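In order, the protein sequence lines correspond to chains S, G and H. For the first sequence, this note's numbering begins at 9 and goes up steadily by one. For the second sequence, this note's numbering begins at 1269 and goes up steadily by one. For the third sequence, this note's numbering begins at 69 and goes up steadily by one. Using N, Cα and C, we set each Cβ at its ideal position, and we do this for glycine too. Source: prediction; values computed, not measured.
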Amino acid sequence: MYRSLRPIIIKEFRQIRRDPTSLGMLLILPAALIVLVGYALNFDVKHVPLVIFDQSKTSTSRAFLDKFKQTELFNYRFDVTGYNEIDGHFTNGRAKVAIVIPTNFAEDLLVGRDVRVQILVDGSDANTGAQAIGNAARITADYSTRLVVSAFERMGRQYYQPIDFQPRIWFNPDLLSNQFLLPGLIGFILVLTAVISTSMTVVREKERGTMEQIMVSPLRPRDVILGKTIPYMLIGLVEATAILVLGYVLFDIQVKGSILLLYAGIFTILLGSLGQGLLVSTVTDSQQVAFMISVFSSLLPSFLLSGFVFPVSSMPIVLQILSNLAVNKFFLVLVRGIMLKGVGFSSVWPQFVYMIVFAAVMLGVSTKRMQKRTL
Amino acid sequence: MNEYAIEVHDLTKKFGAFTAVDRVNFNVKRGDIFGFLGANGAGKSTTIRMLCGLLQSTSGTASVGGYDINTQPELVKFNIGYMSQRFSLYDDLTVEQNIRFYGGVYGLRNNRLRDRMDWVLKMADLKGRESSLTRTLSGGWKQRLALGCAILHEPKILFLDEPTGGVDPISRRNFWELINRLSTEGITVLVTTHFLDEAEYCNSIILINAGKLIAGGTPSQLKREHIKDPILEVASSNVVEALEVIRVQPWAIETSVFGTKLHVLVKDEEEGKVSIRQTLSANGIQTQSIQRIVPSLEDVFLYLLDKETARAS
Amino acid sequence: MAIAIETKSLGKSFGGIKAVDQFSLVVNEGEMFGLVGPDGSGKTTTIRMLCGILAPSSGSASILGKDIIKQPDLIKKEIGYLSQRFSLYGDLSVDENIEFFAEINKVYDFKKQREELLEFTRLKPFRDRLAEKLSGGMKQKLALACTLIHTPKIIFLDEPTTGVDPVSRRDFWKILQSLLRQGITIVMSTPYLDEAERCTRVGLMNKGRIMRVDTPENLKKEMEKEVVEIVCDRVREAFRLLSSHHAVREIQAFGDRLNVLVDDANKSLPSLESVLRSNGIVLASSRVISPSLENVFISLLTSNATVEVAG
């Protein structure tokens, strides 16, 4: 058995070694994606550019505004002297939020009249806008609570809050989106690179005519498939390890659960993806077409349908059903479970079952199709 | 107008330290079919690229149709037609669209384009197939269409680069009949090839090796003048055994199997015949016939190349 | 002589188009058999079926007595296949290519055989070079070495000399000759009729069918016409003059001579010569030459065409 696989495996490794650009792509792509997703693809809204229109110009108003200047949620840019200026800054993107303090801010506060602070938000970026409003409201609420407390104290009375709302977040206490995205990225990268590299290596042989030479030899299609799968499986495992290490070093993302179980999951999804790549290679003889089909059949479902970025539960029902075709959807649940929650096999076995079925179908169908091409 | 369509004087091309074409001289008569032969890498395509105005020469000059290749490359390009083995046709266009495209490239319009298209379709026997996709044509038709596109703009000089490689014998004949007709009409044709049977169609041939001209003449001249040693064709009862016993003899310069016969290059015709008969009968092989044959151009070509290689080393 | 290959009414259709049709043939051991025909005549398809790359649509074939459909695994060890494209791994070295093809053919003790083949093909100095860096002729020889590493009894060569220059072609033929001496059966396809002349027997193919199988000599003998070679000046004018001559069946103009196909040379030659002379053409020589396979092939094709029209 090993003797039949050996020539193919050795040849694949020799070819991989001779083609450092492709191998580099296999390793640089994940690194680049991690850095990109870790730093740039960030759903936490911070450093929103802010301008201030302070008509009161008192120490009271400055004390209030300092709260906005001190936080990293906002990035204080400059003071303005009129609404038309705010409009100008919004239009050319220099500011996204403006705070307007009324002229009689200090006086009204002093006498205990209602004070209206206006917050203007550029709503063209809906997510940023909404979060900025929330953040501004929280800062304002904090500040006014503090004012109320000190007023009560001056009056010699104890202040109390009827309902104390205390959120506590599990698994990702800082609600950092990269903690959530990076584990998902493992599946995405593995699926993408495994499907593309396997389909390309087979189709390249077809284009060169070497596949025909192999078919003339006593090797069986099964040997060819296994011989082609093993090297890319190993590369996939190395790639996954690289992602885990990078995630830990750069973003301090740790695996809470069993590493072994995690690797079992990685192995299973790789098997399915390699099978998918082989299947792609049986439908076309051209590298270009193989590349296109590989990208479409791996990137789109594992990025858009898997819940990697957009939660499956908020998709329209048709897409929710379709999402079951994306093997990454199940892997995501598994990997987030193991890495963030530290769950064991008892909670992720359904995902394993699905991924094993997926791999079996992919490998089975592609072996059948490969056999059918010849005798 | 002078007698020569192409004149080449001391043409040289160097790529760095490597001399691809080394002081090549030849003239091509108007209306000739001229064969330019050489192995891969001998300097054929570099020379052709210079003659087509695609590459400047390092030294030496050449004129094509009266235009200097170095100072008037654009005029050269406009006055030549070029067709290669790979038939530069668009497979996904129809016959007519291909002709229109090449017509456009050479600036043919209105009546002229219509006339020439008509002429090409007739010449290539493609009437009634104007709207067939080029992909669906057989090799012979494609070849004729490619030829038509190459001479759409009525060039006086036509370059053919291995034009009939891989085409079936009948199409090949038709093709050469067309080329003969063109040359009768005064078009000068320069053929580069390493298929020696293609070279048989040429009036005049030159042979290039390692950038240098090593021989020239008509096919008959080349055959007559260069191979002085006779080639004997031997028919015997067992060709494989005959090969085995003859090839080790000192008087057999070169021995090869041709079908059921053996070709033996010897020093002297009569002595050779006697030696062959003796050797075969001593080994229990029956000699059926021995006759001297005219060497093919391929024999001449290989013989000359061997001589050059021997001289170089 | 033992039979190396036997096919019975072998056929292959691709979506209703018969690429190979009613193909019956016997090739003996130790032969160099040539399948000759134009592009698309079914040569490659036939070879691919015999090598087990394509399944036949109809008929049967056996190689060394084993059925190609029922016993493909027994056959695969005995045959070598050299495809038109010299299928090699460009990013593997000469040595590595041979090693790979040895091992996939389950030959693990290949070192000695590899040395011999490298010697034989004169590729030894280039053994560490990547295959993509070899010239066309060297690629061809390497591909052949890869085909021979498992010492097959029969090799199939699909248009092995396409795109190879005459010098490499000669080397290649020399190698084939020595294979023949070792008793290896060679089946090759070629579109070049001059190459077919070198085969011990040829099968002329057209439109998926085999028209004739025989030795080149017998095929030429069968043709009941003669070829006259006329060397003269103003060849094109001579061509025009003789084209309309009643005795001329076919005429071909070469650079400095004409080949004229006639029914009876002795009867027609004087008349041909006088036509030329009376038009002021100078004859250097004229003689009867043996017809080439190309003459045979073309006359077969044209007579077949007439039959088809008549039928």
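Show which residues of chain H have a CB atom less than 8 Å away from the CB atom of residue 105(S). Around residue 105(S), no beta-carbon contact reaches into chain H at under 8 Å, the shortest distance being about 57 Å.
Any idea what DSSP makes of residue 355(H), helix, strand or coil? In this structure, residue 355(H) counts as strand in the three-state DSSP scheme.
Alpha helix (DSSP H) containing residue 114(S): first to last residue? Residue 114(S) -> alpha helix (DSSP H) spans 113-119.
Got a sec? Which residues, its chain only, sit under 8 Å from residue 160(S) by beta carbon, not counting five neighbours each side? Excluding positions up to five away in sequence, the list reads 166, 167.
Less than 7 Å between the C-beta atoms of residue 1457(G) and residue 1426(G), yes or no? In this structure, residue 1426(G) lies closer than 7 Å to residue 1457(G) by Cβ.
Taking residue 267(H) as the query, report the chain A residues whose CB atoms sit under 8 Å from its CB, ordered along the chain. Protein chains S, G and H are contained in the structure displayed, whereas chain A is not.
On the DSSP bridge list, what partners appear for residue 100(S)? Note: residue 100(S) sits in no beta bridge, so no partner.
Which residue's Cα is closest to the Cα of residue 1328(G): 1275(G), 1353(G), 1570(G)? Closest option to residue 1328(G), judged by alpha-carbon separation, among 1275(G), 1353(G), 1570(G): 1275(G).
For the segment 11-23 of chain S, which residues have a CB atom closer than 8 Å to at least one CB atom of chain H, in sequence order? Correct list: 11, 12, 14, 15, 16, 18, 19, 22, 23.
Pick from 91(H), 96(H), 81(H), 353(H): whose alpha carbon is nearest that of residue 221(H)? Measuring from the Cα of residue 221(H), the nearest candidate turns out to be 96(H).
Minimum length 4: unbroken alpha helix (DSSP H) runs contained in the segment 325-363 of chain S: Counting whole runs of 4 or more residues, the segment 325-363 of chain S contains the alpha helix (DSSP H) stretches 325-330, 335-344.
Sub-7 Å separation of residue 1487(G) and residue 324(H) beta-carbons: Yes, Cβ-Cβ distance for residue 1487(G) and residue 324(H) is below 7 Å.
My output table needs one value for residue 1470(G): the three-state DSSP class, helix, strand or coil. In the structure shown, residue 1470(G) sits in coil (DSSP, three-state: anything other than H, G, I, E or B).
Quick one, which residues of the segment 183-213 of chain H are near chain G if we go by CB-CB under 8 Å, in chain order? For the segment 183-213 of chain H, which is checked against every Cβ of chain G, the residues closer than 8 Å are 203, 204, 205.
Taking CB distances under 7 Å as the criterion, tell me whether residue 166(H) reaches chain G. No - not a single Cβ of chain G is within 7 Å of the one on residue 166(H).
Residue 1297(G) - containing beta strand (DSSP E), residue span: From DSSP, the beta strand (DSSP E) with residue 1297(G) extends over 1286-1297.
So for residue 1341(G), helix, strand or coil by DSSP? In this structure, residue 1341(G) counts as helix in the three-state DSSP scheme.
Residue 359(H) at chain G interface by Cβ criterion, 7 Å: The beta carbon of residue 359(H) sits no closer than 7 Å to any beta carbon of chain G.
Between the segment 1536-1550 of chain G and the segment 1432-1448 of chain G, do three or more beta carbon pairs fall short of 8 Å? Touching, no, given that fewer than three Cβ pairs across the two stretches are closer than 8 Å.
With three or more C-beta pairs closer than 8 Å as the rule, is the segment 313-321 of chain S touching the segment 233-241 of chain S? Output reads no: the segment 313-321 of chain S does not touch the segment 233-241 of chain S.
If I measure Cβ to Cβ from residue 76(H) and keep anything under 6 Å in the same chain, skipping five residues before and after, which residues do I get? Contacts found: 92, 127, 128.
Contact set for residue 1286(G): own chain, Cβ-Cβ below 7 Å, skip 5 residues either direction: Cβ within range, chain order: n/a, list empty.
Just tell me which of 1288(G), 1403(G), 1304(G) has its CA closest to the CA of residue 1565(G). Among 1288(G), 1403(G), 1304(G), the Cα nearest to that of residue 1565(G) belongs to 1304(G).
Kindly list the residues whose CB is nearer than 6 Å to the CB of residue 116(H), restricted to its own chain and excluding five residues on each side of it in sequence; keep chain order. Within the same chain, residue 116(H) has close Cβ partners 122.
To the nearest angstrom, report how far apart residue 87(S) and residue 107(S) are at their CA atoms. If you take the alpha carbons of residue 87(S) and residue 107(S), they lie about 10 Å apart.
Length-filtered (3 minimum) beta strand (DSSP E) runs lying within the segment 1396-1482 of chain G: You should have 1425-1429, 1456-1461, 1472-1477.
Consider the Cβ of residue 132(H): report whether some Cβ of chain S lies at a distance smaller than 7 Å. No, no contact with chain S.
What is the residue span of the beta strand (DSSP E) that residue 146(H) lies within? Looking at the DSSP string, residue 146(H) is not in any beta strand (DSSP E), and its letter there is neither H nor E.
Residue 1439(G) versus residue 1407(G) - alpha carbon distance: Their Cα atoms are separated by approximately 8 Å.
Span of the alpha helix (DSSP H) holding residue 205(H)? Bounds of the alpha helix (DSSP H) holding residue 205(H) are 204-216.
Coarse secondary structure for residue 274(H), derived from DSSP in three states: Strand at residue 274(H).
Going by beta carbon distance, what residues of the same chain come within less than 8 Å of residue 374(H), once the five residues before and after it are set aside? Legend: pLDDT at residue 374(H) = 43, less than 50; position of this residue unreliable, no value from coordinates given.
Ordered along the chain, which non-local residues of its own chain (more than five positions away) have a Cβ less than 8 Å from that of residue 1278(G)? Excluding sequence neighbours, residue 1278(G) sits near 1291, 1292, 1293, 1327, 1328, 1329.
For residue 157(S), which residues of its own chain have a beta-carbon under 8 Å away from its beta-carbon, when the five flanking residues on both sides are left out? Cβ within range, chain order: 167.
Three or more C-beta pairs closer than 8 Å, one from the segment 70-78 of chain S and one from the segment 24-33 of chain S: is that the case here? No, because fewer than three Cβ pairs between the segment 70-78 of chain S and the segment 24-33 of chain S fall closer than 8 Å, the two stretches do not touch.
Considering only their Cβ atoms, is the gap separating residue 109(H) from residue 273(H) smaller than 7 Å? Going by C-beta atoms, residue 273(H) is nearer than 7 Å to residue 109(H).
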